[in-house]
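The sequence shown begins at 1 in UniProt numbering and counts up by one. Structure first, then comments.
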Amino acid sequence: MIELGAVVLNTKHLQAQKKFYQHIIGLSVLKEEDNKVELGVKGNKEPLITLLSTNLPKGHHYGLYHLAILVPSRKDLGDALLHILKAQAPLQGASNHGYSEAIYLADLEGNGIEIYHDRPKSVWNYQGDKIIGITEEMDAEGVLALAEDKKTYFMPEGTKMGHVHLSVENPLESQVFFKEMLDMDEKFSMRDQATWLANGDYHHHIAANKWAGVLNKIQDIHTPGLNHFVVKVKDETDWHRFLEATETHPEYIVNQSAKEYFIKDNNGIHMLVRQDYQ
């Protein structure tokens with residue numbers, strides 16, 4: 001089993017981005033250094049978002065389409081939506097995906113953000129080993145009806161990084177990469193345009209699309225945008241399987257230690273795969 005950890009972003013405007021993730025998204029500063037800020041759920045030690053300062057110009061690279069923050073309940077989504085509306089932050093959309101309800105926005109530098117809750121598995125559309133997603137208008141009134149108007153808003157306990165959606169050159173190649181390295185299976189796809197992948201019975205931990213076009217450059221880990229994201233391997237069987245995959249595909253390894261491997265795919269997208277069990 002795997003879970004996602006922090007998404008690490010390079011930013012040209014560290015303090016402004018810090019305030020955005022605090023005041024609009026509802027995260028708290030867990031740790032701050034001159035060129036680095038870690039943000040997460042208030043009282044937790046593990047960050048959801050890490051911001052790194054960079055002075056390089058933004059380019060057109062493969063990388064992040066959006067990060068997706070999973071809140072525990074529909075009421076929690078309502079709380080987040082009400083807070084964002086009160087803050088007058090521009091929303092980009094609100095959708096019912098069948099397995100989830102989600103709202104979409106972007107940070108100050110254009111990094112996409114999804115905030116969502118999972119609907120009960122009893123209403124998910126299973127077709128064999130696939131989980132079919134839809135995109136319909138979200139019942140915003142129903143979601144907001146559950147919301148509590150809080151004077152000060154914080155992301156609730158139990159919030160975590162649910163999935164990461166990537167912009168890539170070839171989603172089918174990404175499908176092969178994540179199957180080989182992290183035993184993720186296709187749960188849903190749109191032919192060669194996009195794919196949704198998961199380890200186990202989740203609807204997706206990773207999605208990958210080519211909607212930005214194929215003229216982007218290989219990701220530069222130092223420019224604004226995605227630096228890397230963390231993948232937490234939660235059991236021994238999956239960890240040993242990952243180690244076997246690194247032996248088969250050493251070309252993906254950037255560096256490694258006993259319990260952490262920094263790897264990258266053919267798009268230059270980096271991820272830190274970490275052993276996360278006792």
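Note that beta-carbon positions come from the ideal geometry of N, C-alpha and C, so glycine has one too.
Buried/exposed call for residue i, threshold 16 Cβ in 10 Å
i	result
L56	exposed
Q17	buried
Y99	buried
M190	exposed
P120	exposed
L105	buried
Y277	exposed
H60	exposed
P250	exposed
G5	buried
D265	buried
H205	buried
N10	buried
Q175	buried
Reference residue i, options the options, closest by Cα
i	options	result
L30	L14, L48, H23 and V8	L48
L182	I221, Y252 and L146	Y252
N209	K58, I24, I134 and G63	G63
L144	L9, A212 and L81	L81
E247	Y261, K234, D235 and L27	Y261
E101	F229, Q88, H117 and A89	H117
G93	Q127, D139 and K130	D139
E109	R274, H13 and P250	H13
E114	H61, H165 and N170	H165
E33	Q15, K45 and Q256	Q15
G213	I263, D107, G112 and P171	P171
K232	V41, D149 and E46	E46
E244	E180, S257 and I84	E180
T54	E173, I221 and I84	I221
E169	K42, R241 and A194	A194
DSSP-derived helix/strand/coil call for residue i
i	result
I218	coil
D185	strand
G142	helix
E101	strand
V176	helix
Y261	strand
residue 284	As shown, the chain starts at 1 and ends at 278. That puts residue 284 outside it, with no answer to give.
H249	coil
I2	strand
F154	coil
K18	helix
Close beta carbons around residue i, own chain, < 8 Å, minus the five adjacent residues each side
i	result
I134	N96, H97, G98 and N125
Cutoff 7 Å; reference residue i; Cβ partners in own chain excluding five residues on either side
i	result
V8	T50, L52, N227, H228 and F229
K130	K187 and F188
K151	none
P156	V71, P72 and D76
M1	N199, G200, K234, D235 and D238
Same chain only: Cβ atoms within 6 Å of residue i, ignoring 5 sequence neighbours per side
i	result
G162	A68 and L70
G268	I218 and Q219
I24	A87 and A89
K36	L52
F178	M184, L197 and I206
DSSP beta-bridge partners of residue i
i	result
T50	V8 and E38
I115	I69 and I103
Y126	I131
T195	S189 and A208
H61	K217
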